[in-house]
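S.K.:
Number of protein chains: 2
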Amino acid sequence: MKQVAKNYGKKEILKSLDFELQPGKIYGLLGRNGAGKSTLLNLLANRIFPTSGEILVDDQNVIDNAQALGKIYLMSEKNLYPASQSLEQLLRGTKLLYGKFNFQLAYDLAGEFELSLQQKFSKLSTGYRSIFKLIAALATPAQYLLLDEPTLGLDAHHRNLVYQAIMDDYLENHRTVVIATHLIDEIANLMEHVLIIDRGKLILDGETEDILANAHLVVGPAKDVAKYTAGFNIIGREALGRITGYYIYGPLDDQRILPDTVSIEQTDLQKLFIYLTNNQGGIGK
Amino acid sequence: MKQVAKNYGKKEILKSLDFELQPGKIYGLLGRNGAGKSTLLNLLANRIFPTSGEILVDDQNVIDNAQALGKIYLMSEKNLYPASQSLEQLLRGTKLLYGKFNFQLAYDLAGEFELSLQQKFSKLSTGYRSIFKLIAALATPAQYLLLDEPTLGLDAHHRNLVYQAIMDDYLENHRTVVIATHLIDEIANLMEHVLIIDRGKLILDGETEDILANAHLVVGPAKDVAKYTAGFNIIGREALGRITGYYIYGPLDDQRILPDTVSIEQTDLQKLFIYLTNNQGGIGK
Chain A
1 MKQVAKNYGK
11 KEILKSLDFE
21 LQPGKIYGLL
31 GRNGAGKSTL
41 LNLLANRIFP
51 TSGEILVDDQ
61 NVIDNAQALG
71 KIYLMSEKNL
81 YPASQSLEQL
91 LRGTKLLYGK
101 FNFQLAYDLA
111 GEFELSLQQK
121 FSKLSTGYRS
131 IFKLIAALAT
141 PAQYLLLDEP
151 TLGLDAHHRN
161 LVYQAIMDDY
171 LENHRTVVIA
181 THLIDEIANL
191 MEHVLIIDRG
201 KLILDGETED
211 ILANAHLVVG
221 PAKDVAKYTA
231 GFNIIGREAL
241 GRITGYYIYG
251 PLDDQRILPD
261 TVSIEQTDLQ
271 KLFIYLTNNQ
281 GGIGK
Chain B
1 MKQVAKNYGK
11 KEILKSLDFE
21 LQPGKIYGLL
31 GRNGAGKSTL
41 LNLLANRIFP
51 TSGEILVDDQ
61 NVIDNAQALG
71 KIYLMSEKNL
81 YPASQSLEQL
91 LRGTKLLYGK
101 FNFQLAYDLA
111 GEFELSLQQK
121 FSKLSTGYRS
131 IFKLIAALAT
141 PAQYLLLDEP
151 TLGLDAHHRN
161 LVYQAIMDDY
171 LENHRTVVIA
181 THLIDEIANL
191 MEHVLIIDRG
201 KLILDGETED
211 ILANAHLVVG
221 PAKDVAKYTA
231 GFNIIGREAL
241 GRITGYYIYG
251 PLDDQRILPD
261 TVSIEQTDLQ
271 KLFIYLTNNQ
281 GGIGK
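Structure follows, in structure tokens:
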């Protein structure tokens, strides 16, 4: 995406997004409700068009480019399937669109998830709709899989099976996978790279490992913690009785002396995300 | 619910359910995808009818009973709203159905969630649909609130706001609330009572506190753990290197001597749920 913006009327949904997806990598696309995640994925899949800027797939513009689009599959939250067809028929239709289709994988996964393919899509629960859409996505030959909330409405067992299926596919096919999700803790280990968007802007774009190496929680008595972290990029504060914790993002200053009363702990992606996108102070107040 | 069963054709969705909801209590309704949670809630709200058995609200049959039904509000996963109306109009329609409606609360919550009520329901994302449906539910005067996946598609901030809104309403109005969800960890503290259904059967019906008092993890070397737990109700097993953990459900035997190598730990509702409903061995294999 090169300087991509998207407006609806006067409303700016995405503002000048600039980033690149590397081949064969799993991306986590994180953002709050309304941040612009689904709009971003719909742009990548050419279902909507940018107001300005350019979207290239392997150096080719995606707009009106069947070859480029054949490389991309978007599993979206919207349910676009015709109501009258069985799941089996829908899979055959997907094959027509993409040329190839891994029916064996689709049947195997349907078995694992206990999904009968003779049913109609419109009769499925939210959870089973997610399962079917994921199966269709994984069985296409697309080199870029865009998965918008792949675990929507799924129980913990099924969410685990979904993460396993994505990982198995990744190890076998080395595709580029973009996963948009609100269950950050659960996919933290799956993502190699993190993209965080907040109110239409890309506010973080980095390798998961590097990001976590820069995220810390400094814990101790309020006064000592405040003194030690002065000048650091403090993104959040929490208190538990007389103990205070400051979340900081950025490199630590090795020259500073850490008081005995203060300790530095790792923090996780979910906490980091919450504080980086906490526009209202909704959590941890 | 008295001996309620529900079939679709030859398929038994619910099998002889027998339970009672107490006034002024928060219930967690837990079950895997396809277990029958939504069917159960739709029966309670009289949107569908039981194949056999009886459903009473304050001792009155719900079928064709407007007074009894006015006491119940179901926030369902299905989106039943007419596409052409604004959210504001939909709220006015809800008032017509229920007589009273707390518009002040609805406006306050819409402000907290940053939801403009001038929009059309069909234009909302999955997350904002959940938010709107929850607002409509909390603003009705219904004494029984049935919430089917109230946090579907919501980010962590918004999920937290939802739990807070449910708790605030509960403290003020003392209604009976039934929450069906797959995010068990997050609502564990909110639920006073747990109902678990598995493949159409009610397999657990108890106070959260009592249930947790009976759920244990026994950890130690495999041989010692197996010996100590022999005869107990073992619902799951995990291993980490040479250390083994058995999940057991039921009272402990105080006569048994606990070896020094073995320790007994608390377990949480999510783990208990996973093992009680693990028909396929999908997790923790």
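Going down the list, the sequences are from chains A and B. For the record, in the first sequence the residue sitting at position 198 is 198 according to full-length UniProt numbering, with numbers rising by one throughout. For the record, in the second sequence the residue sitting at position 113 is 113 according to full-length UniProt numbering, with numbers rising by one throughout. Note that the Cβ used here is the ideal one computed from N, Cα and C, for glycine as well. A quick note: this is a predicted structure, and the numbers were derived from the prediction, not measured.
With distances taken between CB atoms, is the gap from Val262(B) to Val194(B) smaller than 8 Å?
M.R.: No, the Cβ-Cβ distance between Val262(B) and Val194(B) is not below 8 Å.
S.K.: Taking the alpha helix (DSSP H) that Ile166(B) falls in, what are its first and last residues?
M.R.: 156–173 is the span of the alpha helix (DSSP H), which, as asked, contains Ile166(B).
S.K.: Under the three-state reduction of DSSP, which class applies to Asn7(B): helix, strand or coil?
M.R.: The answer is strand: DSSP assigns Asn7(B) an E or B state.
S.K.: Using the C-alpha atoms, what's the distance from Tyr163(A) back to Ile26(A)?
M.R.: Rounded to whole angstroms, Ile26(A) to Tyr163(A) spans 12 Å at the Cα level.
S.K.: According to the Cβ coordinates, are Ile211(B) and Ile203(B) closer than 8 Å?
M.R.: No, the pair does not count as a contact, with Cβ atoms beyond the cut-off.
S.K.: Residues of the segment 233–260 of chain B in Cβ contact with chain A at a cutoff of 9 Å, in chain order, please.
M.R.: Result list empty, no residue passes.
S.K.: Can you round the beta-carbon distance between Ala180(A) and Glu149(A) to whole angstroms, since I take them to be within the 8 Å contact cut?
M.R.: Confirmed, Cβ separation roughly 6 Å.
S.K.: Among the residues of its own chain, which have a CB less than 6 Å from the CB of Leu217(B), if the five just before and after it don't count?
M.R.: Cβ within range, chain order: Gly245, Tyr247, Glu265, Thr267.
S.K.: Leu87(B) and Leu109(B): beta carbons closer than 8 Å?
M.R.: Contact: no.
S.K.: With DSSP run on the structure shown, which of helix, strand or coil describes Lys2(B)?
M.R.: Three-state DSSP puts Lys2(B) in a strand.
S.K.: Could you compute how far the alpha carbon of Lys201(A) sits from the alpha carbon of Leu115(B)?
M.R.: If I take the Cα positions, the gap works out to 20 Å.
S.K.: Cβ of Thr208(B) less than 8 Å from any chain A Cβ?
M.R.: By this cut-off, Thr208(B) is not an interface position.
S.K.: How about the segment 59–66 of chain A and the segment 221–233 of chain A: do they share at least three Cβ pairs that are nearer than 8 Å?
M.R.: Because the criterion of three Cβ pairs below 8 Å is not met, the segment 59–66 of chain A and the segment 221–233 of chain A do not touch.
S.K.: Locate the beta strand (DSSP E) running through Ser263(B), then write down its first and last residues.
M.R.: Note, Ser263(B): beta strand (DSSP E), 263–266.
S.K.: Can we say the segment 186–193 of chain A touches the segment 1–9 of chain A, given the rule of at least three CB pairs closer than 8 Å?
M.R.: With a cut-off of 8 Å, the segment 1–9 of chain A and the segment 186–193 of chain A do not count as touching, because too few Cβ pairs lie within range.
S.K.: With 16 other CB atoms within 10 Å as the buried threshold, where does Ala142(B) fall?
M.R.: With 16 or more Cβ atoms within 10 Å of its Cβ, Ala142(B) is classed as buried.
S.K.: Measure from the alpha carbon of Asp205(A) to the alpha carbon of each residue in Ile13(A), Gly31(A), Glu12(A), then state which is nearest.
M.R.: For Asp205(A), the nearest C-alpha among the options comes from Gly31(A).
S.K.: Since Asn278(A) and His158(B) are thought to touch, with beta carbons under 8 Å apart, how far apart are those beta carbons, to the nearest angstrom?
M.R.: About 12 Å; that fails the 8 Å criterion.
S.K.: Relative to the C-alpha of Asp64(B), which candidate in Ala165(B), Tyr275(B), Asn46(B) has its C-alpha closest?
M.R.: The residue with the shortest Cα to Cα distance from Asp64(B) is Asn46(B).
S.K.: Cβ of Ile135(B) less than 8 Å from any chain A Cβ?
M.R.: Closer than 8 Å: no.
S.K.: Return helix, strand or coil for Lys71(B), following the three-state DSSP convention.
M.R.: It is coil, neither helix nor strand.
S.K.: Where does Pro50(B) land, buried or exposed, given buried means 16+ other C-beta within 10 angstroms?
M.R.: Pro50(B) should be labelled buried.
S.K.: Could you have a look at Lys78(B) and say whether DSSP puts it in helix, strand or coil?
M.R.: Lys78(B): coil per DSSP, three-state reduction.
S.K.: Alpha carbons only, please: which of Lys120(A), Phe103(A), Phe121(A), Ser130(A) is nearest the one belonging to Phe113(A)?
M.R.: Out of Lys120(A), Phe103(A), Phe121(A), Ser130(A), Ser130(A) has the C-alpha closest to the C-alpha of Phe113(A).
S.K.: Under a three-way DSSP split, which group does Leu124(B) fall into?
M.R.: In this structure, Leu124(B) counts as coil in the three-state DSSP scheme.
S.K.: Is Gly36(A) near Leu14(A), with beta carbons less than 8 Å apart?
M.R.: Closer than 8 Å, so yes.
S.K.: Counting only beta-carbon atoms, is Gly9(A) nearer than 8 Å to chain B?
M.R.: No, no contact with chain B.
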